[in-house]
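Just so you know, the sequences run in chain order A and B. In terms of our numbering, the first sequence opens at residue 763 and continues consecutively. In terms of our numbering, the second sequence opens at residue 33 and continues consecutively. Just so it is clear, CB atoms sit at the ideal spot from N, CA and C, and this is done for glycine as well. Since this is a predicted model, take the numbers as computed values, not measurements. Below is one structure, written out as structure tokens; the observations come after it.
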Amino acid sequence: MNGPAAPEIALVGCPNSGKTSLFNALTGSRQKVANYAGVTVERKEGSFVTPAGRPVKILDLPGTYSLRGRSPDEVITRDVVLGRLDGEEIPDAVVCVADATNLRLVLRLVMELKAVGRPMVLALNMMDIVARQGGRIDVDRLSKELGISVVETVAVKRGGTAALLAAIDELPLLEDPPTEHGWREPTAAEIRAAHAEAARILHDCAFHPGNEHLTRKLDTVLLHPVAGVVILLAVLFLMFQAVFSWATPAMDLIKAGIEAAGVGVGEILPDGMLRSLIVDGVFAGVGAVLVFLPQIVILFFFIILLEDFGYMARAAFLMDRLMAGTGLHGRAFIPLLSSFACAIPGIMAARVIENRRDRIATILVAPLMTCSARLPVYTLIIAAFVPDETILGGVGLQGLVMFGLFATGILSALAVAFILKKLVWREATEPFIMELPDYKMPAPANVALGLWIRAGAFLRRAGTVILALMILIWFLSSFPAPPEGATGPAIDFSVAGRIGHFLAPIFEPIGFNWQIVVALIPGMAAREVAVGVLATVYALSATGEEARQALQPILSAAWSLPTALSFLVWYVFAPQCLSTLAVVRRETNSRVWPTVMFVYMFVLAYAASFATYHIAGALLR
Amino acid sequence: MNEMTIVYGIVLGAAAFLALRWLPASLRARVGLKDGAACASKASCGSKNCDGCH
Chain A
763 MNGPAAPEIA LVGCPNSGKT SLFNALTGSR QKVANYAGVT VERKEGSFVT
813 PAGRPVKILD LPGTYSLRGR SPDEVITRDV VLGRLDGEEI PDAVVCVADA
863 TNLRLVLRLV MELKAVGRPM VLALNMMDIV ARQGGRIDVD RLSKELGISV
913 VETVAVKRGG TAALLAAIDE LPLLEDPPTE HGWREPTAAE IRAAHAEAAR
963 ILHDCAFHPG NEHLTRKLDT VLLHPVAGVV ILLAVLFLMF QAVFSWATPA
1013 MDLIKAGIEA AGVGVGEILP DGMLRSLIVD GVFAGVGAVL VFLPQIVILF
1063 FFIILLEDFG YMARAAFLMD RLMAGTGLHG RAFIPLLSSF ACAIPGIMAA
1113 RVIENRRDRI ATILVAPLMT CSARLPVYTL IIAAFVPDET ILGGVGLQGL
1163 VMFGLFATGI LSALAVAFIL KKLVWREATE PFIMELPDYK MPAPANVALG
1213 LWIRAGAFLR RAGTVILALM ILIWFLSSFP APPEGATGPA IDFSVAGRIG
1263 HFLAPIFEPI GFNWQIVVAL IPGMAAREVA VGVLATVYAL SATGEEARQA
1313 LQPILSAAWS LPTALSFLVW YVFAPQCLST LAVVRRETNS RVWPTVMFVY
1363 MFVLAYAASF ATYHIAGALL R
Chain B
33 MNEMTIVYGI VLGAAAFLAL RWLPASLRAR VGLKDGAACA SKASCGSKNC
83 DGCH
């Protein structure tokens, strides 16, 4: 049976307006995810049936603030809406999703979309938050002013979807076949006029008490050119102190649990290769990484809290001045901030930067920001070599060193960007405009959910990739077995041992022994695996009574302080992540940039580690 | 079962898991695995659509 053709609706809205939540609420599991042809921009299509029984296709378009198309994602949205994108149907109607708590931001987009002339509905999302904040929006009047249907929604709770579906049923779909729209970019005067009109409508239709007074008062301090920067540094400093001091009890508990489990399993299994695989490979290797879960959770607790409070946007504003001095675009702050979690989403987030050179500069420096996978490596070495003491009246020395490593990453990213933008690509950086949200109390449920997702991702990674890698490392460190009558640790005769000994001369000038070299290789797959590999390699290298101690005291005894410092510095700069290089290749659509990144980071890491090792050696002599 | 058979089975399983995980995107799509594009518009790791950048 051939029914009438299903009309297609485009879902458009500013970033973070709850567009995707609404898409999910409307379509449920009826979704198809792919990429737009030739670009790495996600295309999400779904379908649903309206109360009148009409099947409808819906396309979730990338978030945009206007139709001007300032990034690859925004260009896609504009071209789909205007019917200019090859291979895409021209949408029959548009549903614009607005963050009702920040209407000002979306009204200009609404007016631009309305000018395109397609049937349209405005979904005022997050109306529950507006109500909770004591705000009001006169929906009928707003509808009259804009000349389109306006409905209230709370997408995360699936609230208001019935009203939205009813409004869609009212739209004159499939009456006139849509055609390409001859949109042109507005002039500055037209943009100003649109802003004024948006302000008028907002004034007439919405009352939002917000906490503007409090926000203004706080901003006079938090955005102050001197005090603001000092407070930002203090916040970051406190964060790293907490990462060390708060995490210790939970880490000790996890460590004791894993050790007890390892001993228990070791006692059950008979002595042999299977026992070695479980105890030296799985428990020593994966366990060495798992103990860092509390630190990861604490780090993200601060990041999520500050983001929800509205401080991260201020941090971006404060950093913009510093970043502009190095030639980085203000929009680079979010990609660089994301890189503290992992360079990969950071590099992907660089798509918001329109200028290709600005974008590539951001991509090239993103891996210098300290990702969470480095945290286990830093923590292990700091705990083994930096005394757990306080200085300057209560400042933890270990936290201070951690802060220094993060700061070194940030400063070196800025320095590399400076060299690229000021010395290699000499061109002016475009101005950066951003909206600063009102301060608000973080919602505990939101923070808990964010932590749950982060902890889950870390545990999933430990239970999949890291576990598999540790099994392979154990195998390569245990086979082939030593010949009969051989003396010394068996690992010396294994594949991993031979590779380590073979490559060791390259890294000897920077103080690395062959065990570290073995750890560096799988560390390319996942940085934190280096910790697990060191645990396994030292467990298998050990003989007799010294076997299976905790890794930290082993390293304290086996490495000199210059080697430990050199290893830390290596991890600040080294291109220790193949996935990052693969994403750079995909995002730049070129082999040149991942090669440039690998070479400059390797040279930087080697040179910095060499200098650190020899200077530290000379000072300690 | 022989102890070494179990050990080799575990090691081969781990190797196969990693090989599948790190297949190039085009091959992943061809064998019916997600191609990593789900991460494309995500601002952070750990989303439910994430198929693991690593």
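Residues that DSSP places opposite residue i in a beta bridge
i, result
"A:Asn778", "None, per the DSSP bridge assignment."
"A:Pro1147", "The identity of residue 1147 of chain A in the sequence shown is Phe, whereas the question assumes Pro. Its beta-bridge partners do not exist; DSSP assigns none."
"A:Arg962", "None; A:Arg962 has no bridge partner."
"A:Cys858", "A:Val774, A:Leu884"
"A:Val1114", "According to DSSP, A:Val1114 bridges with nothing at all."
"A:Ser809", "A:Lys819"
"A:Glu914", "A:Leu886"
"A:Phe969", "A:Arg898"
"A:Ile1153", "A:Val1157"
"A:Gly921", "A:Val916"
Nearest to residue i (by Cα), restricted to the options the options
i, options, result
"A:Cys1133", "A:Gly1089, A:Met1164, A:Val1157, A:Thr1010", "A:Met1164"
"A:Pro824", "A:Ala814, A:Asp835, A:Arg816", "A:Asp835"
"A:Pro934", "A:Trp1355, A:Ala855, A:Leu984", "A:Ala855"
"A:Arg816", "A:Thr789, A:Gly1259, A:Pro769", "A:Pro769"
"A:Asn864", "A:Ile1253, A:Ala1370, A:Asp1200", "A:Asp1200"
"A:Phe1102", "A:Tyr1375, A:Val1334, A:Thr826", "A:Val1334"
"A:Ser1318", "A:Ala1287, A:Pro1149, A:Pro1204, A:Trp1332", "A:Pro1149"
"A:Glu952", "A:Leu1381, A:Ala1205, A:Glu874", "A:Glu874"
"A:Leu1330", "A:Val1005, A:Gly1171, A:Lys1183", "A:Gly1171"
"A:Leu1198", "A:Arg1076, A:Gly1379, A:Val811, A:Leu976", "A:Arg1076"
"A:Pro1107", "A:Met1001, A:Ile1125, A:Arg1093", "A:Ile1125"
"A:Gly1262", "A:Ile1268, A:Trp1276, A:Phe1255, A:Ser1240", "A:Trp1276"
"A:Pro1097", "A:Ile1122, A:Ala1287, A:Thr826", "A:Ile1122"
"A:Leu1159", "A:Ala1370, A:Ala956, A:Ser1007", "A:Ser1007"
"A:Pro1011", "A:Thr1226, A:Arg1093, A:Val1053", "A:Val1053"
"A:Phe822", "A:Asn778, A:Arg830, A:Asp848", "For clarity, residue 822 of chain A is Asp in the given sequence; the question names Phe instead. Among A:Asn778, A:Arg830, A:Asp848, the Cα nearest to that of A:Asp822 belongs to A:Asn778."
"B:Ile38", "A:Ser1240, A:Ile1278, A:Leu1036, A:Pro1315", "A:Leu1036"
"A:Leu1039", "A:Ala1230, A:Pro1138, A:Asp1014, A:Val1279", "A:Ala1230"
"A:Met1085", "A:Leu1182, A:Ala968, A:Leu980", "A:Leu1182"
"A:Cys1339", "A:Thr1226, A:Ser1174, A:Leu1382, A:Arg1136", "A:Arg1136"
"A:Arg903", "A:Gly1379, A:Arg946, A:Leu1167, A:Ile963", "A:Ile963"
"A:Gly922", "A:Ala956, A:Ala787, A:Ala1078", "A:Ala787"
"A:Tyr1368", "A:Phe1274, A:Pro1315, A:Arg1353", "A:Phe1274"
"A:Glu947", "A:Ser828, A:Ser1341, A:Thr915, A:Ala1009", "A:Ser828"
Cross-chain neighbours of residue i in chain B, by beta carbon under 8 Å
i, result
"A:Gly704", "It is not possible to answer for residue 704 of chain A, since the shown part of chain A is limited to 763 through 1383."
"A:Leu1234", "Val43, Ala46, Ala47, Leu50"
7 Å Cβ cut-off: residues of chain B touching residue i
i, result
"A:Ala1230", "Ala46, Phe49, Leu50"
"A:Leu1039", "Val39, Ile42"
"A:Phe1237", "Val43"
Residue i beta carbon near the ligand MG (any heavy atom closer than 7 Å)
i, result
"A:Leu985", "Questions concerning the ligand MG fall outside what the structure shown contains, since it holds no ligand whatsoever."
CB-CB length for residue i against residue j, believed under 8 Å
i, j, result
"A:Leu1142", "A:Leu871", "About 49 Å separates the two Cβ atoms, so there is no contact after all."
"A:Thr858", "A:Gly780", "A quick correction: the sequence has Cys, not Thr, at residue 858 of chain A. Their Cβ separation, rounded to whole angstroms, is 12 Å, which puts A:Cys858 and A:Gly780 out of contact at 8 Å."
"A:Phe1255", "A:Ala1248", "6 Å"
"A:Leu994", "A:Leu1080", "5 Å"
"A:Ile910", "A:Val883", "7 Å"
"A:Ala1217", "A:Leu1068", "The pair is not a contact, with the Cβ atoms about 18 Å apart (cut-off 8 Å)."
Are the segment 1029 to 1049 of chain A and the segment 1057 to 1072 of chain A touching by the rule of at least three beta carbon pairs closer than 8 Å?
no
Within the chosen definition, does the segment 1080 to 1098 of chain A reach the segment 1322 to 1334 of chain A through at least 3 CB pairs nearer than 8 Å?
no
Should the segment 1280 to 1291 of chain A be regarded as contacting the segment 1220 to 1237 of chain A, the criterion being three or more beta carbon pairs within less than 8 Å?
yes
Cβ contact (3+ pairs, closer than 8 Å) linking the segment 1149 to 1161 of chain A and the segment 1356 to 1372 of chain A:
no
So does the segment 842 to 856 of chain A actually touch the segment 873 to 889 of chain A, counting three or more Cβ pairs closer than 8 Å?
yes
Any contact of the segment 979 to 994 of chain A with the segment 1029 to 1038 of chain A, i.e. 3+ C-beta pairs under 8 Å?
no
Contact between the segment 43 to 50 of chain B and the segment 1362 to 1370 of chain A: three or more CB pairs below 8 Å?
no
Okay, do the segment 804 to 812 of chain A and the segment 885 to 902 of chain A touch, 3+ Cβ pairs below 8 Å being the bar?
no
Between the segment 1107 to 1118 of chain A and the segment 1343 to 1350 of chain A, are three or more C-beta pairs nearer than 8 Å?
yes
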